[in-house]
Amino acid sequence: MPDISFLHKNSSDTGELNGLAYVVDGDTIRLAGEKIRLNGIDAPESGQTCLDGHTEAYACGTEAEDYLKNLVGSQMLRCEGKDKDKYDRLIATCYLQDRDINAEMVRSGWAVAYRQYSMEYMPDEEKAKSARLGLWQGNFRMPWAWRQDQRQASAEHINCNIKGNISANGRIYHLPGSRDYSATRVNENRGERWFCTELEALAAGWRSPRYD
4 MPDISFLHKN SSDTGELNGL AYVVDGDTIR LAGEKIRLNG IDAPESGQTC
54 LDGHTEAYAC GTEAEDYLKN LVGSQMLRCE GKDKDKYDRL IATCYLQDRD
104 INAEMVRSGW AVAYRQYSME YMPDEEKAKS ARLGLWQGNF RMPWAWRQDQ
154 RQASAEHINC NIKGNISANG RIYHLPGSRD YSATRVNENR GERWFCTELE
204 ALAAGWRSPR YD
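Terminal number for the sequence shown in my numbering: 215, no gaps in between.
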């Protein structure tokens, strides 16, 4: 375990920090100048969407963040550091007086037990799931799986760099190095997209640009 004694505010043995917290997202806060990842839990990412009980999409990452903000408020928080992760965040269990807020996030249904690293909060998750609280009101992708999806999509975009643009002239694809490639922006909300090959673009109904 890395030496985190230089972070200690109250004890050189426990890695304890105290103070007012700033909420970064549903499982991350800043306290006493340190970025802290709540131990044993995983909340949806800020940009993640889920489906509610009526199969309507909603910003579940924002909901989780807001729940933690309301939970923490302007109260003094105590965090017991355990380790540092690869992003140099302190992994900690945090408390409002004697109330474990890591557990509270899972009990509320706005986070899940991060079972790859700890099974401590699995009973809390099962209760939230049974009561259909928070994320469990509908369907959602586990946060770690959603992050993997995003990494995969980013990796695919590295090789799929043909821009499928929609304009008054129709559906036109632009190859890297072509005249209008740099000026063309892909807006996926408008139905524009990226292609990996010209054949893929042609099959989808896009055409090459016509230059005078």
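Even for Gly, the Cβ is constructed at its ideal location relative to N, Cα and C.
| Item | Value |
| --- | --- |
| CB-CB length for MET108 against ALA46, believed under 8 Å | 6 Å |
| C-alpha gap between THR96 and LYS85, whole angstroms | 8 Å |
| Separation of LEU205 from PHE198, as counted between CA atoms | 10 Å |
| Cβ-based burial, GLY208 [other Cβ within 10 Å; buried from 16] | exposed |
| Nearest-angstrom Cα separation, counted from SER111 out to LEU20 | 25 Å |
| Alpha-carbon to alpha-carbon, ILE165 and THR200 | 7 Å |
| Opening and closing residue of the beta strand (DSSP E) in which LEU99 lies | 93-99 |
| Where the alpha helix (DSSP H) through TYR70 begins and ends | 63-75 |
| Residues bridged to LEU205 [DSSP beta-bridge criterion] | Partner(s): none; LEU205 has no beta bridge. |
| CA-to-CA distance, ASN42 to ILE94, given in whole angstroms | 5 Å |
| Extent of the continuous beta strand (DSSP E) to which ASP86 belongs | 79-87 |
| Backbone CA spacing between GLU191 and ILE175 [nearest angstrom] | 14 Å |
| Rounded straight-line distance, which links the Cα of ALA67 to that of SER181 | 44 Å |
| Straight-line gap, GLY50 to THR65 (C-alpha atoms, nearest Å) | 8 Å |
| Buried versus exposed call for GLY36 [16 or more other C-beta atoms within 10 Å across all chains shown] | exposed |
| Nearest-angstrom beta carbon gap, GLU195 and ASN168 [assumed within contact, 8 Å] | 6 Å |
| Environment of TYR70 [buried if 16+ CB atoms lie within 10 Å] | buried |
| CA-to-CA distance, GLN119 to ASP127, given in whole angstroms | 16 Å |
| Neighbour-count burial assignment, PRO146, 16 or more Cβ in a 10 Å radius | buried |
| For ASP152: DSSP bridge partner residues | Answer by DSSP bridge pairing: none, since ASP152 is not bridged. |
| Proximity winner among ARG33, TYR61, ASP101, ALA186, relative to LEU138 (alpha-carbon distances) | TYR61 |
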